[in-house]
Amino acid sequence: HHFKVLYFYSPIASAASTAFSIFWQTTMTIPPKDGEEKTQDFEMVQKNENGNENTVKNDVEKNVSNEMEEDTPWKQRMWEVFITYWSLGLVAFGGPQAHVAILREHLVVKRNWMPEEAFMELFAIGQGLPGPTSTQLVVSTALARAGPLGGLMAFFMWNIPGLIVLTTCGVLISTFIDPTNPPWYLIGLPPAAICLVFKAAYGFGLKLDKVGLTLACISCCVAILIDGDYNIPRNSSQYIYPILLVAGGLFTFLDSKRKNPFAEYAKPKAGWDSDNELILRRIGIPVWVGGLIFFVWALVLVLVILLKDVAKITNPYLDIFETMYRIGSIIFGGGQVVLPMLQSEVVPEWMTKDQFFQGLGLAQSMPGPLFNFSSYLGAVYKGIPGALLAYLGLFGPGIILIFGMVPFWARMRHLAWFKAVLHGVNATSIGFVGAACVILWEAAINSRADAIVFVFAGTLSLVYNVQAPLVVLGGGIMGAILCKDAASLAQIPFCITQGYFAAA
1373 HHFKVLYFYS PIASAASTAF SIFWQTTMTI PPKDGEEKTQ DFEMVQKNEN GNENTVKNDV
1433 EKNVSNEMEE DTPWKQRMWE VFITYWSLGL VAFGGPQAHV AILREHLVVK RNWMPEEAFM
1493 ELFAIGQGLP GPTSTQLVVS TALARAGPLG GLMAFFMWNI PGLIVLTTCG VLISTFIDPT
1553 NPPWYLIGLP PAAICLVFKA AYGFGLKLDK VGLTLACISC CVAILIDGDY NIPRNSSQYI
1613 YPILLVAGGL FTFLDSKRKN PFAEYAKPKA GWDSDNELIL RRIGIPVWVG GLIFFVWALV
1673 LVLVILLKDV AKITNPYLDI FETMYRIGSI IFGGGQVVLP MLQSEVVPEW MTKDQFFQGL
1733 GLAQSMPGPL FNFSSYLGAV YKGIPGALLA YLGLFGPGII LIFGMVPFWA RMRHLAWFKA
1793 VLHGVNATSI GFVGAACVIL WEAAINSRAD AIVFVFAGTL SLVYNVQAPL VVLGGGIMGA
1853 ILCKDAASLA QIPFCITQGY FAAA
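Just so you know, we're using the working numbering here: the sequence shown kicks off at 1373 and counts up by one.
This is how it looks when you write it as C-alpha cells:
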C-alpha cells in the first residue's frame, strides 16, 4: 500500500524536479541586448539637440533609478518578499476582490514595487488563466520583484495560514465528528458560507454586458441541468464545463469579427513589453522556458488522467490528485466558480454534504484564497497526505501556468482576438457561480432556521460590508441559538414529504 502511495507521488516529484531546474536556470537576470545602451544614448542626444531638456533630465533620472534598483541585492529582495507576503497572508480576508485591493495598497501605493500599469498587467494575466486569480497575482508580483524563487516563496507565505487551519479542521472533523449529526457550533456555518457565494455572483454579474449575461445564463442553466437530471451523471461536468468555456470564447471571438458586434470588446494597450524593462529582466524567463513549463503542465495532466481513466488504476491518492489537478486546469474565475464542480466530484464519494459545507464555512472565514478549501477536502477523505495532495493538485495548474504564461503575455496581449476570447470565457465562468447559488442553496438550506441564518449573514455582508470571518462567525452564533439543542426555533424542514406541505 505504501509503495503504491509513493508510486503515485512520482508525477508530482517529476514535475517539481523539472520546475525547480527551470527556476534555477532562470533566476539569473537577462543582460541588456547588444547596442541597447547605445540606442538610449543616441535618443538622449537627439532629444537634447531638439531642446527638450526636461525630457532628457527625466530619462537620465529614470535610468539612474533603474540602475540603483538593479544594484539591490537579490537576497534583500527575497527578504522583502518573505516579510511582505507572510504578513499579508494573515490578513487577506474578503475574497478575490478584497485580495486585489490589499495587494495594490501594499505593493503599488506603500512599497512602490511597481507602477500601477504593471500591476494591472499582472492582474490581467491571472484573469486569463485557469486557477485562483488572486494567488496568481501574488505569485506574479513576487516573481517580478525577486524572480521565480521569490514567486514560489510568496505562494507558500500567502497560503500557509489557511492551509494549516483547514487541514487541521479536516482531520479533526473526519475523526471526531459524526457526519450525520453535526454539533451545534457547526450548524450555522453552511448557510452563512452560502450567502457569500450569492454576494460574489451578484458582484460578478454587475460587470457583465448583455452578451456576457446571456453566456452566463446559458452556462448557469446547463450546470443546474447537469446537477439535477436523472439521466445525466453529475460527474459529466468535468467534460461539459470545459466545452462551455470553449464555446463561450468562440462565440465572442466570432462576434468580434462582425462589422457591428453585439458587445464592445476591450482594445489591447501598449506597454510592459520592452526587452530592457527592469521587471521583465527580474522575471528572467525566456519564451522557450515558458513553453517547457506549459509542456510540464500538460504532461502531468495527461499522465494522471491516463492512469485513472484508461489504465483503471484504483488508488485513493491518485484519485485525489487527478480530480483536483483536472479541475484546477479547466476552471476560470477563481474560488467561487470551482465550488459546484468540487461538490459534484467529492459528495458523496469522499464525504457527506454536511461535511462539505462545514468545511466551506471554515474556508470562507480563513485568510487567503478559497482554493485552500482543497486541503480540507483532502484531509477529511485521507488525512494529512490527502490534504497535501489535494492542495498541490488544485493550486498546481494555476501556479505552473502563471510562470509559463508571463513570457508569452507581452505578445498575446496585443492581439485583439485574444481579448475577445477572454470576454466570453470569463462570462461563461461567471454563470457557474450563479449555478453554485442554486445548487448550494438546495444542499445547505434544510430548514427555516437555516434560511434565517442565510438572510442574517447575507445582510451583514451585502448591506453592512462586514468582513467574511465575522459574517461566518455571526451566522454560526445565530445557527447555534436557533438549533434544536438550544432555542429549537424554526426547525420545520423544507423537504416536501415531511416539511412545509405536511405541516400545512
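Glycine is no exception: its CB is placed at the ideal position from the N, C-alpha and C atoms.
Predicted model, so just to flag it, every value in this text is computed and none were measured.
Cα separation between isoleucine 1772 and asparagine 1818?
Here residue 1772 corresponds to residue number 400 of the sequence shown, with the count starting at 1. Here residue 1818 corresponds to residue number 446 of the sequence shown, with the count starting at 1. Each residue's alpha carbon lies about 40 Å from the other.
Give the single residue among Leu1462, Gln1736, Ala1573, Val1510 whose Cα lies nearest to the Cα of leucine 1845.
Against the sequence shown, residue 1845 aligns to sequence position 473. Minimum Cα distance to leucine 1845 is reached at Gln1736.
On a CA-only basis, which of Gly1503, Ile1532, Pro1563, Leu1861 is nearest serine 1747? Give me that one, please.
The residue labelled residue 1747 in the question sits at position 375 within the sequence shown. Comparing Cα-Cα distances from serine 1747 to each of Gly1503, Ile1532, Pro1563, Leu1861, the minimum goes to Ile1532.
Taking the alpha helix (DSSP H) that phenylalanine 1667 belongs to, which residues open and close that run?
Locating residue 1667 in the sequence shown gives position 295, counting from the first residue. For phenylalanine 1667, the enclosing alpha helix (DSSP H) begins and ends at 1659-1677.
For serine 1819, the residue or residues it bridges with in DSSP
Looking up residue 1819 in the sequence shown gives position 447. Serine 1819 is bridged by DSSP to Pro1865.
To which residues of the same chain is lysine 1754 closer than 6 Å at the C-beta, ignoring the five residues directly before and after it?
Position 382 of the sequence shown holds residue 1754. Result list for lysine 1754: Pro1688, in chain order.
For isoleucine 1853, which residues in the same chain have their Cβ closer than 7 Å to its Cβ, ignoring the five residues on either side in sequence?
Within the sequence shown, residue 1853 is the residue found at index 481, counting from 1. Answer for isoleucine 1853: Ala1859, listed in chain order.
Between alanine 1518 and the rest of its own chain, which residues show a CB-CB distance below 6 Å, the 5 nearest in sequence each way excluded?
One-based indexing of the sequence shown puts residue 1518 at position 146. So the list reads Arg1449, Met1450, Val1453, once near-sequence residues are dropped.
Going along the chain, which residues of its own chain have a beta-carbon closer than 8 Å to the beta-carbon of threonine 1686, five neighbours each way excluded?
Within the sequence shown, residue 1686 is the residue found at index 314, counting from 1. For threonine 1686, where only same-chain residues beyond five positions count, there are no Cβ hits under 8 Å.
Collapsed DSSP secondary structure at threonine 1444 in the structure displayed:
Counting from one through the sequence shown, the residue named residue 1444 turns up at place 72. Note: threonine 1444 maps to coil in three-state DSSP.
If you measure between the beta carbons of leucine 1587 and glycine 1803, is that distance less than 9 Å?
Working through the sequence shown from its first residue, we reach residue 1587 at position 215. Working through the sequence shown from its first residue, we reach residue 1803 at position 431. Contact: yes.
Are the beta-carbon atoms of proline 1487 and valine 1480 separated by less than 9 Å?
For the purposes of this step, residue 1487 is taken as the residue at position 115 of the sequence shown. For the purposes of this step, residue 1480 is taken as the residue at position 108 of the sequence shown. Result yes, Cβ atoms of proline 1487 and valine 1480 sit closer than 9 Å.
So glutamine 1727 and isoleucine 1455 are in contact, right, with Cβ under 8 Å, and what is the actual spacing, rounded?
Against the sequence shown, residue 1727 aligns to sequence position 355. Against the sequence shown, residue 1455 aligns to sequence position 83. In fact, because the Cβ distance is near 37 Å, the residues do not count as touching under 8 Å.
Supposed contact pair glutamine 1730 and asparagine 1561 - C-beta distance, whole angstroms, cut 8 Å
Along the sequence shown, read from residue 1 onward, the residue named residue 1561 stands at position 189. Along the sequence shown, read from residue 1 onward, the residue named residue 1730 stands at position 358. It is worth fixing the name first, because residue 1561 is leucine in this sequence and not asparagine. Contact holds; Cβ gap of about 6 Å.
Might you give, ordered along the chain, the residues of its own chain that have their beta carbon closer than 7 Å to the beta carbon of alanine 1473, omitting 5 neighbours on each side?
Counting from 1 along the sequence shown, the entry for residue 1473 is found at position 101. Take alanine 1473, set aside five residues on each side of it, and no residue of its chain has a beta-carbon closer than 7 Å to its own.
Cutting at 6 Å between CB atoms, please list the residues of its own chain near isoleucine 1402, excluding the five before and the five after it.
Translated into the one-based positions of the sequence shown, residue 1402 becomes position 30. Because isoleucine 1402 carries a pLDDT of 37, less than 50, the predicted location of this residue cannot be relied on, and no value is offered for it.
Expressed to the nearest angstrom, what Euclidean distance is found between the alpha-carbon atoms of lysine 1791 and leucine 1524?
Sequence index remark: in the sequence shown, residue 1791 carries index 419 (1-based). Sequence index remark: in the sequence shown, residue 1524 carries index 152 (1-based). Straight-line Cα distance between these residues: approximately 28 Å.
Is it buried or exposed, valine 1718, if we count other Cβ atoms within 10 angstroms and call 16 or more buried?
In the sequence shown, the residue the question calls residue 1718 occupies position 346. Burial check for valine 1718: the Cβ neighbour count within 10 Å reaches 16 or more, so the residue is buried.
Determine, using beta-carbon pairs with one atom in the region 1612-1632 and one in the region 1658-1667, whether at least three such pairs fall under 8 Å.
The region 1612-1632, when compared against the region 1658-1667, does not touch it at the 8 Å Cβ threshold.
How is threonine 1724 classed by DSSP in three states: helix, strand or coil?
Indexing the sequence shown from 1 puts residue 1724 at position 352. In the structure shown, threonine 1724 sits in coil (DSSP, three-state: anything other than H, G, I, E or B).
Segments assigned alpha helix (DSSP H), at least 4 residues, entirely inside the region 1522-1585:
Listed in chain order, the alpha helix (DSSP H) elements of length 4 or more contained wholly in the region 1522-1585 are 1561-1578.
Helix, strand or coil for serine 1860 per DSSP?
Position 488 of the sequence shown holds residue 1860. DSSP places serine 1860 in coil when its eight states are reduced to three.
Rounded to whole angstroms, what's the CA-CA distance from cysteine 1592 to leucine 1766? Just pull it up for me.
Working through the sequence shown from its first residue, we reach residue 1592 at position 220. Working through the sequence shown from its first residue, we reach residue 1766 at position 394. Whole-angstrom Cα-Cα distance: 22 Å.
Give every residue of the same chain whose Cβ lies closer than 7 Å to the Cβ of cysteine 1809, excluding the five residues on either side of it in the sequence, and list them in chain order.
As a working note, residue 1809 is residue 437 in the sequence shown. Within the same chain, cysteine 1809 has close Cβ partners Val1569, Phe1570, Ala1573.
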